[in-house]
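The block underneath contains the structure these notes are about, expressed in structure tokens.
In the numbering used here, the protein residues as written are 5 to 76.
Pasting the structure below:
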């Protein structure tokens, strides 16, 4: 399995990916200007690959998600 350079993917083309779901979690970040804490839902994915070619993009990837991904 070869690895794709991420810089090649940074254009206006849309890609389809495949990955293995590991876990869902939340990240808590505190603002520097105040004591407010924000909670961000995240998902850990493993072996993220291009769906068309099977080329490896990342071994592990933390992805922040919103309501539409949470429904899945």
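Just so you know, even glycine gets a beta-carbon here, dropped at the ideal spot from N, CA and C.
The model shown is predicted, which means the values in this text are computed figures rather than measured ones.
Where the beta strand (DSSP E) containing residue i begins and where it ends
{"i": "residue 50", "result": "41 to 54"}
{"i": "residue 34", "result": "21 to 34"}
Residues near residue i in its chain [Cβ-Cβ closer than 8 angstroms; skip 5 each side]
{"i": "residue 35", "result": "41 and 42"}
Whether residue i touches residue j by CB criterion (7 angstroms)
{"i": "residue 2", "j": "residue 55", "result": "Because residue 2 is not part of the residues shown, which for the chain are 5 to 76, the question remains open."}
{"i": "residue 45", "j": "residue 65", "result": "no"}
Proximal residues to residue i (C-beta, below 6 angstroms), its chain only, five neighbours per side dropped
{"i": "residue 5", "result": "At residue 5, the pLDDT of 49 sits below 50, so the modelled position is not reliable and the matter cannot be decided from this model."}
{"i": "residue 27", "result": "48"}
{"i": "residue 62", "result": "52"}
{"i": "residue 32", "result": "41 and 43"}
Opening and closing residue of the alpha helix (DSSP H) in which residue i lies
{"i": "residue 75", "result": "71 to 75"}
Sequence-distant residues of its chain with Cβ nearer than 7 angstroms to residue i (five each side left out)
{"i": "residue 75", "result": "none"}
Buried versus exposed call for residue i [16 or more other C-beta atoms within 10 Å across all chains shown]
{"i": "residue 57", "result": "exposed"}
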